[in-house]
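Participant: Top line first, the protein sequences correspond to chains P and C.
Going by the working numbering, the first sequence opens with residue 8, and the numbers climb by one from there.
Going by the working numbering, the second sequence opens with residue 639, and the numbers climb by one from there.
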Amino acid sequence: MTLFNRSAKELQALVLSKEVSLVDLTNEAFDRVEKLDGEVEAFLALNKEKALEEATELERTPFEERGPLFGLPIGVKDNIVTQGLETTCASKILQGFNPIYDATVVKKLREAGMVTIGKLNMDEFAMGSSNENSAYKTTKNPWSLDRVPGGSSGASAAAVAAGEVPFSLGSDTGGSIRQPASYCGVVGMKPTYGRVSRFGLVAFASSLDQIGPITRNVEDNALLLEAISGVDANDSTSANVDVPNFAAALTGDIKGLRIAVPKEYLGEGVSEAVRQSVMDALKVLEAQGATWEEVSLPHSKYALATYYILSSSEASSNLSRFDGIRYGFRAENVENLLDLYKETRAQGFGDEVKRRIMLGTYSLSAGTYDAYYKKAQQVRTLIKQDFDKVLADYDVIIGPTAPTPAFKIGENVEDPLTMYANDILTIPINLAGVPAISIPCGFEDGLPLGLQIIGNYFDESTIYRVAHVYEQSTDFHKQTPQIWEGK
Amino acid sequence: MAELTKEEVKHVAHLARLAITEEEAERFALQLGAITEFAEQLKELDTTNVEPTTHVLPLVNVLREDVATKGLDRETMMLNVKEQEAGQVKVPSIMD
Chain P
8 MTLFNRSAKE LQALVLSKEV SLVDLTNEAF DRVEKLDGEV EAFLALNKEK
58 ALEEATELER TPFEERGPLF GLPIGVKDNI VTQGLETTCA SKILQGFNPI
108 YDATVVKKLR EAGMVTIGKL NMDEFAMGSS NENSAYKTTK NPWSLDRVPG
158 GSSGASAAAV AAGEVPFSLG SDTGGSIRQP ASYCGVVGMK PTYGRVSRFG
208 LVAFASSLDQ IGPITRNVED NALLLEAISG VDANDSTSAN VDVPNFAAAL
258 TGDIKGLRIA VPKEYLGEGV SEAVRQSVMD ALKVLEAQGA TWEEVSLPHS
308 KYALATYYIL SSSEASSNLS RFDGIRYGFR AENVENLLDL YKETRAQGFG
358 DEVKRRIMLG TYSLSAGTYD AYYKKAQQVR TLIKQDFDKV LADYDVIIGP
408 TAPTPAFKIG ENVEDPLTMY ANDILTIPIN LAGVPAISIP CGFEDGLPLG
458 LQIIGNYFDE STIYRVAHVY EQSTDFHKQT PQIWEGK
Chain C
639 MAELTKEEVK HVAHLARLAI TEEEAERFAL QLGAITEFAE QLKELDTTNV
689 EPTTHVLPLV NVLREDVATK GLDRETMMLN VKEQEAGQVK VPSIMD
């Protein structure tokens with residue numbers, strides 16, 4: 008049995024009673040990685056030497072100066088820069104890149120006393136829903152090794168689900184934290200846009216990207232979000248709002264809570280087991296004093312097209328910085344500068360990244376700009392207004408996180424549009440900018456399902472409160488995949 | 639407009655500074671064509687007088703105090719540069 012079946016609070020109790028040291032906790036993470044990562048394939052780089060040094064150093068801090076996450080191990084998605092620790096975004100174009108500064112969230116992890124274990128695999132530049140777009144390896148779903156962990160933060164969810172680390176950071180542009188959390192049976196939060204600094208997050212679509220926590224339970228998630236939140240002078244889009252004590256919102260009381268259930272989120276394409284798990288969850292919440300009503304988010308069906316135009320347009324601009332000049336991969340045997348750019352990018356980027364760069368470049372071109380890019384921005388307004396209207400009358404919106412459980416590796420790779428459809432229930436949330444969580448809510452054929460709880464701008468507290476009540480009334484979060492204990 | 643020709647894909651690839659083979663241009667033309675065709679559904683919506691959303695938060699002109707701060711030092715910034723000479727980044731010739 009690993010130590011990582013325990014919550015942060017329980018781990019701190021073990022440390023306080025001197026049953027385990029911080030070095031033990033760090034070693035436990037590396038032991039678990041050693042034992043399981045050959046099969047799960049979540050980690051791209053390990054930070055063993057430095058992590059053990061840090062843990063040894065942290066032991067000296069007196070107990071009364073330690074916070075709730077002090078000394079606990081965490082994995083970080085590979086699109087978040089870590090000084091001196093290779094950061095590739097799972098792309099060949101950044102092979103060998105050693106960042107020269109830490110992302111703001113990494114600084115904040117350090118301030119909280121957390122120990123970074125290593126960097127987690129992902130779809131290249133966060134473009135994908137399965138981790139199959141990594142240039143290095145395909146992470147496996149710990150619940151069934153022939154299935155995808157989801158994406159793009161697939162390995163961030165898989166590493167937590169397999170108990171390699173109790174915490175991880177992911178990033179979510181169109182569902183990249185919530186969909187893998189759903190597929191792997193863990194808790195993943197996409198905070199309100201602006202809640203967490205994006206400084207040091209390698210940009211994919213800047214108006215949509217947010218970093219967020221992945222954990223095994225709601226309370227740990229609330230603690231980690233508090234640790235990484237806050238306005239940052241290095242990110243002009245970070246919001247200057249108070250950071251609440253999210254864990255204090257877990258009162259266990261949801262009496263009078265008004266829940267909206269969009270009919271569009273339970274329609275075509277959503278599996279019967281997924282639909283049933285949401286209906287069952289609503290009953291659980293009703294029994295605790297909440298009420299729910301069906302509502303409509305009428306522009307939901309346009310979200311996918313809107314998202315692919317906007318995110319690809321922003322990506323085509325953001326990824327223009329990768330030119331082979333100052334860092335990362337550089338093509339050899341080229342005649343002139345233009346060829347250096349073209350060959351470096353052609354050899355350095357994978358197909359999905361190229362597709363999106365070209366779709367974005369096309370959408371932004373003279374002649375198509377109004378019909379695609381501007382039109383999509385206008386539709387984004389309509390999608391946002393759908394949420395504004397519903398959230399004026401309800402406290403949270405509830406639906407599934409993904410239409411189905413995890414699919415098989417290789418099943419969707421040939422058809423980009425089918426692959427994109429996995430994110431149909433998470434994408435509208437990024438377009439609106441509101442926060443949303445995925446928590447375990449059942450199983451279909453032994454594969455985890457996720458419940459999505461969406462809240463109002465900067466009201467993650469209410470989401471956590473509802474998620475916690477649901478979690479404490481069910482035991483889905485306590486189940487672990489077979490691989491957890493070895494076969 | 640939904641269909642993309644091979645020539646259009648080659649033009650877009652050039653704008654995006656991506657070298658592309660004939661075979662790739664053909665494949666991407668089909669895939670991008672399918673995606674843009676899917677995107678055509680946005681035309682169903684009347685968006686007359688709808689303001690475009692570029693950003694979800696009401697942030698305007700976020701400025702810091704106009705005070706000089708120290709940047710990264712040169713040596714650190716050159717750490718990831720593969721080809722360099724005399725503290726400068728080396729690139730192939732710019733003129734043919």
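For each residue, glycine too, the CB sits at the ideal point set by N, CA and C.
Rounded to whole angstroms, what's the CA-CA distance from residue 733(C) to residue 343(P)? Just pull it up for me.
Facilitator: As a working note, residue 733(C) is residue 95 in the second sequence. As a working note, residue 343(P) is residue 336 in the first sequence. The alpha-carbon atoms of residue 733(C) and residue 343(P) are separated by roughly 7 Å.
Participant: Quick one: residues in its chain with C-beta nearer than 6 Å to the C-beta of residue 426(P), no 5 flanking neighbours on either side, listed in chain order?
Facilitator: By one-based count along the first sequence, residue 426(P) stands at place 419. Cβ neighbours of residue 426(P) beyond the five flanking positions: 136, 419.
Participant: Does the Cβ-Cβ distance between residue 192(P) and residue 484(P) come in under 9 Å?
Facilitator: In the first sequence, the residue the question calls residue 192(P) occupies position 185. In the first sequence, the residue the question calls residue 484(P) occupies position 477. Contact: yes.
Participant: Using 8 Å as the Cβ pair cut-off and three pairs as the minimum, do the stretch 167-178 of chain P and the stretch 66-81 of chain P touch?
Facilitator: Cβ pair count under 8 Å is three or more, so yes.
Participant: Applying the 10 Å Cβ sphere with the 16-neighbour rule, what's the burial state of residue 482(P)?
Facilitator: As a first step, residue 482(P) must be located in the first sequence, where it is residue number 475. Residue 482(P) is exposed by the Cβ-count criterion.
Participant: Going along the chain, which residues of the stretch 414-441 of chain P sit with their C-beta nearer than 7 Å to a C-beta in chain C?
Facilitator: The residues in question are 423, 424, 439, 440.
Participant: What are the boundary residues of the beta strand (DSSP E) that residue 336(P) is part of?
Facilitator: Translated into the one-based positions of the first sequence, residue 336(P) becomes position 329. First-last for residue 336(P): undefined, no H or E at that position.
Participant: Who are the near neighbours of residue 639(C) in its chain, counting only those whose CB is closer than 7 Å to its CB and skipping five residues on each side?
Facilitator: As a first step, residue 639(C) must be located in the second sequence, where it is residue number 1. At residue 639(C), the pLDDT of 45 sits below 50, so the modelled position is not reliable and the matter cannot be decided from this model.
Participant: Since residue 592(C) and residue 680(C) should fall inside the 8 Å C-beta cutoff, what is the C-beta to C-beta distance between them, to a whole number of angstroms?
Facilitator: In the structure displayed, chain C extends from 639 to 734; residue 592(C) sits before or after that span and is not available.
Participant: Would you report the Cα separation of residue 72(P) and residue 64(P), rounded to the nearest angstrom?
Facilitator: Sequence index remark: in the first sequence, residue 72(P) carries index 65 (1-based). Sequence index remark: in the first sequence, residue 64(P) carries index 57 (1-based). Straight-line Cα distance between these residues: approximately 14 Å.
Participant: Among the residues of its own chain, which have a CB less than 6 Å from the CB of residue 499(P), if the five just before and after it don't count?
Facilitator: No statement about residue 499(P) is possible, as the shown extent of chain P runs from 8 to 494 and does not include it.
Participant: Are the C-beta of residue 679(C) and some C-beta of chain P separated by less than 9 Å?
Facilitator: If you number the second sequence from 1, residue 679(C) lands on position 41. Cβ-Cβ to chain P under 9 Å: yes for residue 679(C).
Participant: Kindly confirm or deny that the stretch 326-338 of chain P and the stretch 187-206 of chain P touch, where touching means at least three C-beta pairs closer than 8 Å.
Facilitator: Not touching, per the Cβ criterion.
Participant: Which residue from 261(P), 188(P), 480(P) puts its Cα closest to that of residue 473(P)?
Facilitator: Translated into the one-based positions of the first sequence, residue 473(P) becomes position 466. The option with the nearest alpha carbon to residue 473(P) is 261(P).
Participant: Determine, for residue 615(C), whether the minimum Cβ-Cβ distance to residues of chain P falls below 9 Å.
Facilitator: The structure shown does not extend to residue 615(C), since chain C is modelled only from 639 to 734, so the question has no answer here.
Participant: According to DSSP, what are the bridge partners of residue 122(P)?
Facilitator: As a first step, residue 122(P) must be located in the first sequence, where it is residue number 115. 80(P).
Participant: State the start and end residues of the unbroken alpha helix (DSSP H) segment that holds residue 365(P).
Facilitator: Counting from one through the first sequence, the residue named residue 365(P) turns up at place 358. Where residue 365(P) is concerned, the enclosing alpha helix (DSSP H) stretches over 358-370.
Participant: Is any beta-carbon of chain C found at less than 9 Å from that of residue 341(P)?
Facilitator: Taking the first residue of the first sequence as position 1, residue 341(P) is located at position 334. Interface residue, yes.
Participant: So with CB distances below 9 Å, who are the chain P contacts of residue 581(C)?
Facilitator: Shown here, chain C extends from 639 to 734; a query on residue 581(C) therefore has no answer.
Participant: Report yes if the CB atom of residue 77(P) is closer than 9 Å to the CB atom of residue 55(P), and no otherwise.
Facilitator: Your numbering for residue 77(P) matches position 70 in the first sequence. Your numbering for residue 55(P) matches position 48 in the first sequence. For residue 77(P) and residue 55(P), no; Cβs fall outside 9 Å.
Participant: Spatial neighbours of residue 494(P) within its chain, please: C-beta separation below 6 Å, excluding the five flanking residues on both sides.
Facilitator: Position 487 of the first sequence holds residue 494(P). Its pLDDT being 45, under 50, residue 494(P) is placed unreliably in this model, and the coordinates cannot settle the point.
Participant: Helix, strand or coil: which one does DSSP assign to residue 661(C)?
Facilitator: For the purposes of this step, residue 661(C) is identified with residue 23 of the second sequence, where counting begins at 1. Note: residue 661(C) maps to helix in three-state DSSP.
Participant: Only counting runs of 4 or more residues, tell me where the alpha helix (DSSP H) segments fall wholly within the stretch 278-314 of chain P, in order along the chain.
Facilitator: Here the runs fully enclosed are 279-294.
Participant: Should the stretch 322-334 of chain P be called in touch with the stretch 355-363 of chain P, which here means at least 3 C-beta pairs below 8 Å?
Facilitator: Contact between the stretch 322-334 of chain P and the stretch 355-363 of chain P is present, because at least three Cβ pairs lie under 8 Å.
Participant: Within the same chain, show all residues whose beta-carbon is closer than 6 Å to that of residue 210(P), passing over the 5 residues directly before and after it, in chain order.
Facilitator: For the purposes of this step, residue 210(P) is taken as the residue at position 203 of the first sequence. The answer, listed in chain order, is 325.
Participant: Roughly how many angstroms separate the alpha carbons of residue 7(P) and residue 331(P), rounded to a whole number?
Facilitator: What the structure shows of chain P is the stretch from 8 to 494, and residue 7(P) is not part of that stretch, so it cannot be assessed.
Participant: Can you give me the C-alpha to C-alpha distance between residue 139(P) and residue 155(P), rounded to a whole angstrom?
Facilitator: What you label residue 139(P) is simply residue 132 of the first sequence in a count that begins at 1. What you label residue 155(P) is simply residue 148 of the first sequence in a count that begins at 1. Approximately 8 Å between the Cα atoms of the pair.
Participant: By DSSP's criteria, residue 197(P) is part of a beta bridge. Which residues make up the other side?
Facilitator: Translated into the one-based positions of the first sequence, residue 197(P) becomes position 190. Residue 197(P) is bridged to 443(P).
Participant: Could you work out which residue in 238(P), 412(P), 346(P), 313(P) is closest to residue 388(P) when comparing CA atoms only?
Facilitator: Numbered from its first residue, the first sequence carries residue 388(P) at position 381. Closest by alpha carbon: 313(P).
Participant: Is residue 639(C) helix, strand or coil by DSSP?
Facilitator: Counting from one through the second sequence, the residue named residue 639(C) turns up at place 1. Because residue 639(C) carries a pLDDT of 45, less than 50, the predicted location of this residue cannot be relied on, and no value is offered for it.
Participant: Suppose the cutoff is 8 Å on Cβ atoms and the five residues either side in sequence are ignored; what does the same chain contact list for residue 104(P) look like?
Facilitator: Here residue 104(P) is taken as the residue at index 97 of the first sequence, counted from 1. Excluding sequence neighbours, residue 104(P) sits near 93, 94, 95, 334, 335.
Participant: Name the DSSP beta bridge partners of residue 50(P), please?
Facilitator: As a working mapping, residue 50(P) is identified with position 43 in the first sequence. Answer is 127(P).
Participant: Could you tell me which residues DSSP pairs with residue 203(P) in its beta bridges?
Facilitator: Along the first sequence, one-based indexing puts residue 203(P) at 196. For residue 203(P), which the question treats as bridged, DSSP gives the partners 236(P).
Participant: Taking the C-alpha atoms as reference points, what is the distance between residue 7(P) and residue 49(P)?
Facilitator: For chain P, the structure presents residues 8 to 494; residue 7(P) sits outside this window and is missing.
Participant: Residues of chain P with CB under 8 Å from residue 698(C), in chain order?
Facilitator: Residue mapping note: residue 698(C) aligns to position 60 of the second sequence, counting from 1. Ordered by position in chain P, no residue passes the 8 Å Cβ test against residue 698(C), which lies about 11 Å from the chain.
Participant: In chain C, which residues lie less than 7 Å from residue 350(P) when you measure between Cβ atoms?
Facilitator: Counted from its first residue, the first sequence places residue 350(P) at position 343. Going along chain C in sequence order, the residues near residue 350(P) (Cβ under 7 Å) are 657.
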